[in-house]
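Q: Taken in order, these protein sequences are the chains called A and B.
Take the first sequence: its position 263, counting from 1, is numbered 392 in my numbering, and each next residue is one higher.
Take the second sequence: its position 191, counting from 1, is numbered 192 in my numbering, and each next residue is one higher.
After the structure tokens below, expect a handful of questions from me.
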Amino acid sequence: MSAEKIMILGVNHKTAPVEIRERLAFSGDPGTPYRELKVIPGCEEFCFLSTCNRVEVIFVTSTPEETERTIRNFLFNNSMSYGEAGKYVYLHQGEAAIQHLFRVGASLDSMIVGEPQILGQLKQAYRDATEQQATGMILNRLMHKGFSVAKRIRTETEIGSSAVSISYAAVELAKKIFGNLKNKIAMLVGAGEMAELAAQHLMTQGVAEVVVANRTFERAVNLARCFNGKPVALEELIPQLEHVDIMISSTGSPDLILHSKDVKPLMRQRRNRPLFLIDIAVPRDLDPKLNDLENVYLYGIDDLNNIVDINKAERDKEAVRAERIVTEETLKFMLWLGSMEVTPTIVAIREKADEIRKAELEKTLPNLGNLSDKERMSIEKMTSAMMNKILHNPIVYLKQNDSHRDTKVKLVMIRKLFKLDNSE
Amino acid sequence: MGYLLFQITLFAYILATGGYIVYFWTQRKDVRTTARWILIGSGVLHTLYLIVRYIEAGHTPLTNHHEAVSFFAWSVTWGYLSFHWRYNVRNFGSFVSPLITGLMLIATFSSREIMPLPPALKSAWLPVHASIAIMANGFLALAFCGGIMYLLQERELKKKRFNGMFFTRLPSLEALDSLNSHCLAVGFPLLTLGIITGSIWAKQTWGAYWQWDPKETWSLITWFLYAALLHQRFTVGWRGRRAAIMAIIGFSAALFTLWGVTYLLGGIHSYVG
């Protein structure tokens, strides 16, 4: 199997500003991208990942150029030309694509390196892909490997110690505004792991109360229970802002949920107490003009990025170790991919059978007493012949020239039957 | 003797300021501790200088420009140190100490000659009125420094510059805002008291409580500026940026009362700087 068939096309926080990313976020029905991608010719397997900071299509194709072009046009919804879109995308192929996926899963490519939720998002994306039957042998293996690499990095390095760093960034900012967070009220609007982590961190910093607002009140009630907080309906958002000091917003709303003109009259009622707003939603929830209001401080995810950069030095050390693990696992995966051809598989089957044969012979021959060399040779020959005859049909079956897809299926089946891939 | 003491005090202030600037740059704790002790030493030396000056002059040493500005610097120093006792505002010293040194330099270049006391000033009100009025200025100066720090830090936060020189070094907005209100809580009553004592003294000396002499007018303008700020703070919650700007404007008015009036407008107060 040629690794060059694996490709990743995407945009992330490094390549595209939020204005571009929010155009790509498919916030509606998660099935849409699958239906659209499935009909793209040459797109044999794929998985679609969409988070606040990235939109990626991981796909397997035999016609890289054509497929990539179609997928790129699909991603940008033809809103800009193919060439213009090229300014914002990255395209990885083969080994680079594998490495990229491992880095994404291990949160090495995240805006906040080491933040944990990307792995969950990747798992969800994979789950969606399997439900839509979009993945096949290669992606199944690649994604599972990606999860285990992420897990390995989490346990072997300290990269996870910065897991709460988005909250760290938010808390650090809050402290620059409020100094002490005691007696402050935080409000969580919408859900999402990043927002919840931030709220959790604010809790440990001693905020007096956490208010949870959600489109579905039930969700708000459940979340509020985690924080020992108060659930409110989303409609109460603006009146609530009269008491709240810190608001973290991460709804899936396609439109702004809070406008500058909503908050302006509130500031008088708030007696101009500072209001700290964090918008980690894509597309954005909060009107950027809010930052122009006096005593209102609005920060988006890109701003949090800057803060995190400052604290990066220490984490970079751990990231180097994590990168080494990624490289190592990428090489292993490349080896596996190389074995995913007919000939290496046949060699592997023969080797495995021969190993068994030799082991059994070694156990049996000493018990047979004094055998002449000739007798010994006969037994060796007989076992070899048995082995070859048993393996003959499977190998012939494997060698049959079928369509591409069938060969892959057969390879998977045979390798499973003979348990040629030890891990898993 | 007094002159030598003044020079030593000035030198100590310059040293402390240098220390605070180095601390601002490097954020090394040992530098800050050293700078703080030098500043305390300067404050003690300065107090000694004022006592020596009192003995040499034979009357309260607040009657010429040198004495007034030097006492102003002394008020800022002890105002700062007394605040330090209760509130820890990061890097406040790096902003206050240059101001103190600046005032001391102005005092250095003013005439230190001891003049005989004009008859109008021969009163028990002289030490009371002059010291209260100048001490008020000391606390208003602290509010001014806090206001500048607030505006700098707010700018960093609004412009989202997190790796600039000020973001990490300056304290939180809320700390600076409460510094502002604490300074005014001391400074404003002193200012009020300064004006009242001045008025009583004026009645005794000139026969009228209020004469609309330029210095009186300007101190009233200053008083109204701060009164407006405090009123707005308590009623509609003016704080933060507006309070900081008002503290800066108010202090500018206070400085104008101190210098501008004397050199530009004249009037019966003009014998004092």
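Where is the CB? At the ideal position from N, CA and C, for every residue including glycine.
What did DSSP end up calling A:Ser210 once you bin it into helix, strand or coil?
A: In the structure shown, A:Ser210 sits in coil (DSSP, three-state: anything other than H, G, I, E or B).
Q: Should the segment 113-128 of chain B be regarded as contacting the segment 142-157 of chain B, the criterion being three or more beta carbon pairs within less than 8 Å?
A: Short answer: they don't touch.
Q: Is A:Pro403 close to chain B, meaning its C-beta is less than 8 Å from at least one C-beta of that chain?
A: With 8 Å as the cut-off, A:Pro403 counts as an interface residue toward chain B.
Q: Nearest to A:Ala225 by alpha carbon, out of A:Gly358, A:Glu458, A:Leu490 and A:Ile519?
A: For A:Ala225, the nearest C-alpha among the options comes from A:Glu458.
Q: Given a threshold of 16 other Cβ atoms within 10 Å of its Cβ, counted over all protein chains shown, does A:Met511 qualify as buried or as exposed?
A: A:Met511 comes out exposed.
Q: Among residues of its own chain, excluding the 5 on either side of A:Lys252, which ones have a beta-carbon nearer than 7 Å to its beta-carbon?
A: So the list reads Phe276, once near-sequence residues are dropped.
Q: Grab me the residues of A:Val350's own chain with a C-beta within less than 6 Å of its C-beta, minus the 5 sequence neighbours each way, in chain order.
A: Once the five neighbours on either side are set aside, the close Cβ partners of A:Val350 are Pro360.
Q: Residues in the segment 298-320 of chain A with C-beta within 7 Å of chain B's C-beta atoms, listed in sequence order?
A: Flagged, chain order: Lys304, Lys305, Ile306, Phe307 and Gly308.
Q: What residue from B:Met166, B:Gln154, B:Val45 and B:Gly165 has the CA that sits closest to B:Pro172's CA?
A: Nearest of B:Met166, B:Gln154, B:Val45 and B:Gly165 to B:Pro172, Cα basis: B:Gln154.
Q: At least one CB of chain A closer than 8 Å to the CB of B:Arg240: is that the case?
A: Taking Cβ atoms only, chain A reaches closer than 8 Å to B:Arg240, which makes this a yes.
Q: Cα-Cα, which of B:Gly208, B:Ile246, B:Leu16 and B:Ala108 is closest to B:Gly94?
A: Ranking B:Gly208, B:Ile246, B:Leu16 and B:Ala108 by Cα distance to B:Gly94 puts B:Leu16 first.
Q: DSSP three-state call for A:Cys172: helix, strand or coil?
A: Strand.
Q: Provide the residue(s) that pair with A:Tyr255 in DSSP beta bridges, ordered along the chain.
A: A:Tyr255 is not bridged to any residue.
Q: Can you tell me whether A:Leu500 is buried or exposed, with buried defined as 16 or more other CB within 10 angstroms of its CB?
A: Per the 10 Å Cβ criterion, exposed.
Q: Mapping the DSSP letters down to three states, classify B:Leu51 as helix, strand or coil.
A: Helix at B:Leu51.
Q: Counting only beta-carbon separations shorter than 8 Å, does B:Glu114 have a partner in chain A?
A: With 8 Å as the cut-off, B:Glu114 does not count as an interface residue toward chain A.
Q: Go through its chain and collect everything with a Cβ distance to B:Ile133's Cβ below 7 Å, but skip five positions before and after it.
A: The answer, listed in chain order, is Leu191, Leu194, Gly195 and Thr198.
Q: So is B:Trp26 buried or exposed if we call it buried at 16+ other beta carbons inside 10 Å?
A: That one is exposed.
Q: Give the C-beta separation of B:Tyr88 and B:Leu180 to the nearest angstrom, bearing in mind that I take them to be a contact with Cβ-Cβ under 8 Å.
A: 7 Å between Cβ atoms; contact.
Q: What number of angstroms, rounded off, separates the C-alpha of A:Lys545 from the C-alpha of A:Thr493?
A: So the alpha carbons of these two residues sit roughly 29 Å apart.
Q: Mark B:Ala255 as exposed unless 16 or more other C-beta atoms lie within 10 angstroms of its C-beta, in which case mark it buried.
A: B:Ala255 is buried by the Cβ-count criterion.
Q: I need the boundaries of the alpha helix (DSSP H) containing B:Ser182, first residue and last residue.
A: Taken as a continuous stretch (DSSP letters only), the alpha helix (DSSP H) holding B:Ser182 covers Leu174 to Trp207.
Q: Taking just the CA atoms, how far does A:Met272 sit from B:Val23?
A: Distance between the alpha carbons of B:Val23 and A:Met272 is about 54 Å.
Q: Pull up the distance between the alpha-carbon of B:Phe12 and that of B:Gly3, whole angstroms please.
A: Roughly 14 Å between the two C-alpha positions.
Q: Would you report the Cα separation of B:Arg37 and B:Ala186, rounded to the nearest angstrom?
A: The alpha-carbon atoms of B:Arg37 and B:Ala186 are separated by roughly 24 Å.
Q: Is B:Val237 close to chain A? Criterion is C-beta to C-beta, closer than 8 Å.
A: For B:Val237, the answer is yes, since a Cβ of chain A falls inside 8 Å of its Cβ.
Q: State the Cα-Cα distance for the pair B:Ser200 and B:Gly208, rounded to the nearest angstrom.
A: Using only the alpha carbons, I get a separation of about 10 Å.
Q: Scan the segment 388-402 of chain A for residues whose Cβ lies nearer than 8 Å to a Cβ of chain B and list them as they occur along the chain.
A: Cβ contacts with chain B: Arg397, Arg399, Arg400, Asn401 and Arg402.
Q: Would you say A:Ala292 reaches chain B, if we count a Cβ-Cβ gap shorter than 8 Å as a contact?
A: At A:Ala292 the pLDDT is 39, less than 50, meaning the model places this residue with poor confidence and gives no usable figure here.
Q: Suppose contacts are defined by Cβ-Cβ distances below 8 Å. Is A:Ile430 in contact with A:Leu302 by that definition?
A: In this structure, A:Leu302 does not lie closer than 8 Å to A:Ile430 by Cβ.
Q: Could you tell me which of A:Leu352, A:Met316, A:Phe346 and A:Glu347 sits nearest to A:Val339, measuring between CA atoms?
A: It is A:Met316 whose Cα lies nearest to the Cα of A:Val339.
Q: When you compare the CB of B:Asn181 with every CB in chain A, is at least one pair closer than 8 Å?
A: No, B:Asn181 lies away from the interface with chain A (no Cβ there is under 8 Å from its Cβ).
Q: Would you kindly report the start and end of the unbroken beta strand (DSSP E) that includes A:Arg400?
A: No beta strand (DSSP E) holds A:Arg400; DSSP gives it neither H nor E.
Q: Below 8 Å, how does it come out for the segment 136-151 of chain A and the segment 172-192 of chain A: are there three or more Cβ pairs, yes or no?
A: With the cut-off at 8 Å, the segment 136-151 of chain A and the segment 172-192 of chain A touch.
Q: Exposed or buried, which one is A:His521 when buried takes at least 16 other CB atoms within 10 Å?
A: Counting Cβ neighbours within 10 Å, A:His521 comes out exposed, since fewer than 16 surround it.
Q: What residues in its chain sit with their C-beta under 7 Å from that of A:Arg399, if we drop five residues either side in the sequence?
A: Here the set comprises Glu371.
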